[in-house]
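Position 50 (the sequence shown) corresponds to 49 in numbering that gives the first Met the number 0; numbering is contiguous.
Positions of the beta carbon are idealized from the N, C-alpha and C atoms, including for glycine.
Everything numeric in this text was worked out from a predicted model, so none of it was measured.
Note sheet for the following structure.
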Amino acid sequence: MSTEKNYKPISGYVMLLVFLILLFGGIALLKIYIGVLLIFAAAATVMGFVLVNPNSSRVLLLFGKYVGTIKKNGFFWVNPLYSKKKISLRASNFDSERLKVNDKLGNPVMISTILVWRVTDTYKAAFDVDDYQNFVRVQTDAAVRKLASMYPYDNFADEGLDEDITLRSSVNEVSEALETEVQERLSMAGIEVLEARIGYLAYAQEIANAMLKRQQATAIVAARHKIVEGAVSMVEMALQELSKKELVDLDEERKAAMVSNLMVVLCSDKDASPIVNTGTLNH
Numbered sequence: 000m001s002t003e004k005n006y007k008p009i010s011g012y013v014m015l016l017v018f019l020i021l022l023f024g025g026i027a028l029l030k031i032y033i034g035v036l037l038i039f040a041a042a043a044t045v046m047g048f049v050l051v052n053p054n055s056s057r058v059l060l061l062f063g064k065y066v067g068t069i070k071k072n073g074f075f076w077v078n079p080l081y082s083k084k085k086i087s088l089r090a091s092n093f094d095s096e097r098l099k100v101n102d103k104l105g106n107p108v109m110i111s112t113i114l115v116w117r118v119t120d121t122y123k124a125a126f127d128v129d130d131y132q133n134f135v136r137v138q139t140d141a142a143v144r145k146l147a148s149m150y151p152y153d154n155f156a157d158e159g160l161d162e163d164i165t166l167r168s169s170v171n172e173v174s175e176a177l178e179t180e181v182q183e184r185l186s187m188a189g190i191e192v193l194e195a196r197i198g199y200l201a202y203a204q205e206i207a208n209a210m211l212k213r214q215q216a217t218a219i220v221a222a223r224h225k226i227v228e229g230a231v232s233m234v235e236m237a238l239q240e241l242s243k244k245e246l247v248d249l250d251e252e253r254k255a256a257m258v259s260n261l262m263v264v265l266c267s268d269k270d271a272s273p274i275v276n277t278g279t280l281n282h
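Here's what the structure looks like:
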């Protein structure tokens with residue numbers, strides 16, 4: 000037997016009636032030999048009662064041999080010689096510890112995962128692995144380490160390292176890859192992964208400050224690029240409008256000075272302090 004078998008037990012209420020009959024019959028006939036046997040039979044009957052709560056199960060063994068699994072909830076009776084192992088079928092949450100791993104680019108990052116799982120095959124969970132709950136923890140950590148090494152933490156397009164999927168920005172893609180990886184590892188234990196996603200993600204402490212400065216520098220450079228691009232467009236538009244409306248006749252030297260002044264005003268990160276020229280353009 001290498002697969003789960005659904006066991007159909009006897010109703011516990013019927014056997015409870017049998018127990019009471021044996022017990023009171025034994026008490027009534029206690030003075031003779033058969034009364035003692037009835038009381039022992041009643042005591043043995045008690046050992047066969049089993050209560051199965053909703054979303055719970057009992058794995059039954061007879062002297063080390065797998066008999067079956069009770070998944071139906073209720074009050075039942077089974078062979079008193081059966082050993083009964085309880086396995087929950089409820090969905091369970093697992094929040095892993097924060098692990099220090101290296102991403103695809105070799106940068107150390109801190110990462111943890113949140114896993115929602117449940118047992119679907121009680122035979123595999125009970126007999127194919129030693130401790131299925133510890134198996135979930137260990138294999139989830141291994142899957143997270145593997146996943147982190149497959150993707151970079153973030154894009155570094157300025158260095159020619161432009162990735163389609165990153166740990167920070169591609170949340171859905173990374174979660175799907177993590178769920179697939181964990182499911183492959185836990186299937187041998189009869190466990191179904193309901194959800195797997197990254198719970199915590201950050202650079203390791205030793206490089207966090209350096210990476211923060213790098214991100215700030217990248218943002219400043221990108222902002223300056225936009226400012227310069229807009230300033231050039233505005234200067235070009237100003238020169239075109241002045242030439243079109245013939246408001247003033249500027250030679251090349253005057254145009255260069257005007258362009259320089261406008262670029263300083265538009266690209267400066269502080270408010271400009273204009274100086275009013277009270278003379279003429281000829282001086």
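Bounding residues of the alpha helix (DSSP H) (the contiguous stretch that carries residue i)
| i | result |
| --- | --- |
| ASN171 | 170-185 |
| PHE23 | 11-27 |
Selection from the options that minimises the alpha carbon distance to residue i
| i | options | result |
| --- | --- | --- |
| VAL77 | PHE93, VAL58 and GLU194 | VAL58 |
| ASP4 | VAL258, SER56 and VAL35 | According to the sequence provided, residue 4 is Lys. The question's Asp does not apply to it. LYS4 has its Cα closest to that of SER56, out of VAL258, SER56 and VAL35. |
| LEU193 | GLU178, LYS70, GLY105 and LYS103 | GLU178 |
| ILE113 | SER95, ALA256 and ASP163 | SER95 |
| LYS123 | ILE86, ARG97 and TYR152 | ILE86 |
| GLU191 | TYR199, ARG89, ASN154 and VAL137 | ARG89 |
| LEU80 | SER169, ALA42 and VAL51 | ALA42 |
| PRO53 | GLY34, GLY73, ILE38 and GLY47 | GLY73 |
| ASN133 | TRP116, PRO151 and ASN171 | TRP116 |
Three-state secondary structure (DSSP) of residue i
| i | result |
| --- | --- |
| ASP127 | helix |
| ASN133 | helix |
| PHE75 | strand |
| THR119 | coil |
| GLY67 | strand |
| ILE113 | strand |
| ILE190 | strand |
| ASP94 | strand |
| ILE197 | strand |
| LEU50 | strand |
Neighbour-count burial assignment, residue i, 16 or more Cβ in a 10 Å radius
| i | result |
| --- | --- |
| GLN239 | exposed |
| LYS64 | exposed |
| GLU228 | exposed |
| ILE110 | buried |
| TYR32 | exposed |
| ALA256 | exposed |
| GLY159 | Confidence at GLY159 is low in this model, with a pLDDT of 48, below 50, so the placement of that residue is unreliable and no value is reported for it. |
| ILE26 | exposed |
| ARG253 | exposed |
| GLU180 | buried |
| ALA142 | buried |
| MET236 | exposed |
Continuous beta strand (DSSP E) stretch holding residue i: start and end
| i | result |
| --- | --- |
| ILE38 | Per DSSP, ILE38 belongs to no beta strand (DSSP E); it is in the alpha helix (DSSP H), 32-45. |
| LEU98 | 98-101 |
| PHE62 | From DSSP, PHE62 is part of no beta strand (DSSP E); its letter is neither H nor E. |
| LYS83 | 82-87 |
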